[in-house]
Amino acid sequence: MSHSPNPRVPILPVCIGIALLVATGAAAAQTTGNATTGSTSSMQSAAKMSSADKAFVEKAAIGGLAEVQMGKLAQQKAASEQVKQFGTRMVDDHSKANDELKQVASSKGITLPTDLDAKHKGKMAKLEKLSGAQFDRAYMDDMVADHKEDVSEFQKQAKSGSDADVKGFASKTLPTLQEHLTMAESTDKAVKAGK
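Residues are numbered in the numbering used here as their position in the sequence shown, beginning at 1, plus a constant of 307.
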């Protein structure tokens with residue numbers, strides 16, 4: 308008695324092949340879905356972020372840009388070596404803080420301002436017209452006032468901000484700003500005393 312081949316046997320490899328294709332397609336669709344969900348979730352983070360937190364991030368970004376630009380101006384125009392050194396410190400520390408803030412903002416789907424607002428543009432224009440001892444006094448007066456405001460705002464954000472990442476950025480940056488304020492006050496006194 309001869310055995311004829313079973314016609315159902317070739318179907319099994321075909322079924323396994325189809326199952327693999329379906330599984331691979333589902334995995335690819337899931338990966339694509341996750342990529343979309345990733346960008347959607349950062350947009351949702353921005354939407355979920357409180358308006359106070361978002362306003363803090365945007366204001367901190369503009370303030371940081373201003374510190375860097377004014378610091379560069381101090382390096383060029385200051386008469387006092389102490390003021391030039393202060394300007395250099397502002398450029399270094401605020402550039403670093405600005406980069407950290409960009410990372411936080413990016414993870415939240417927030418696009419930071421890349422230019423100064425009218426208030427800071429006005430300050431820059433005023434400083435650009437000055438030089439020597441006049442520049443030193445005006446720049447240091449501005450730095451003392453600015454850092455008092457910054458310290459106050461960063462303390463408030465570190466204490467009562469609702470977004471954990473933004474709150475963390477404020478807490479981490481606050482000691483540097485407090486140090487800047489102390490430096491600004493002592494440099495301002497030295498400039499006014501004519502040292």
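In this text, a Cβ means the ideal position worked out from N, Cα and C, and glycines have one as well.
Within 10 angstroms of the Cβ of residue i, are there 16 or more other Cβ atoms? Answer buried if so, exposed if not.
i, result
"GLU486", "exposed"
"ASP457", "buried"
"GLU374", "buried"
"ALA477", "buried"
"LYS426", "exposed"
"ALA368", "buried"
"ASP360", "buried"
"THR343", "Note on THR343: pLDDT 39, under 50, position unreliable in the model; the coordinate value appears next. Result: exposed."
Looking at residue j and residue i, is the spacing between their C-beta atoms short of 8 Å?
i, j, result
"SER493", "ASP443", "no"
"GLY378", "GLY394", "yes"
"ALA404", "THR489", "no"
"MET447", "ALA500", "no"
"ALA381", "LYS366", "no"
"ASP495", "VAL451", "yes"
"HIS454", "LEU484", "yes"
"VAL364", "LEU423", "no"
"VAL473", "GLN464", "yes"
Enumerate in chain order the residues of its own chain whose CB-to-CB distance from residue i is below 8 Å, with the five nearest sequence positions on each side excluded.
i, result
"THR418", "ALA412"
"LYS355", "none"
With a threshold of 6 Å on Cβ separation, who are the neighbours of residue i within its own chain once the five nearest residues in sequence on each side are excluded?
i, result
"SER357", "SER469"
"LYS384", "SER438, PHE442"
"GLN389", "THR494, ALA497"
"MET397", "GLU374, GLY378"
For residue i, write down the residues that DSSP places opposite it in a beta bridge.
i, result
"ALA367", "Answer is none; ALA367 lacks a bridge partner."
"GLY439", "ALA385"
Give me, in chain order, the residues of the same chain whose beta-carbon lies closer than 7 Å to that of residue i; leave out the 5 immediate sequence neighbours on both sides.
i, result
"GLU402", "The sequence given here has Ser at residue 402, not Glu. Same-chain partners within the cutoff: VAL375."
"GLN337", "Low per-residue confidence applies at GLN337: pLDDT is 42, beneath 50, and the placement is therefore not dependable enough to give any value."
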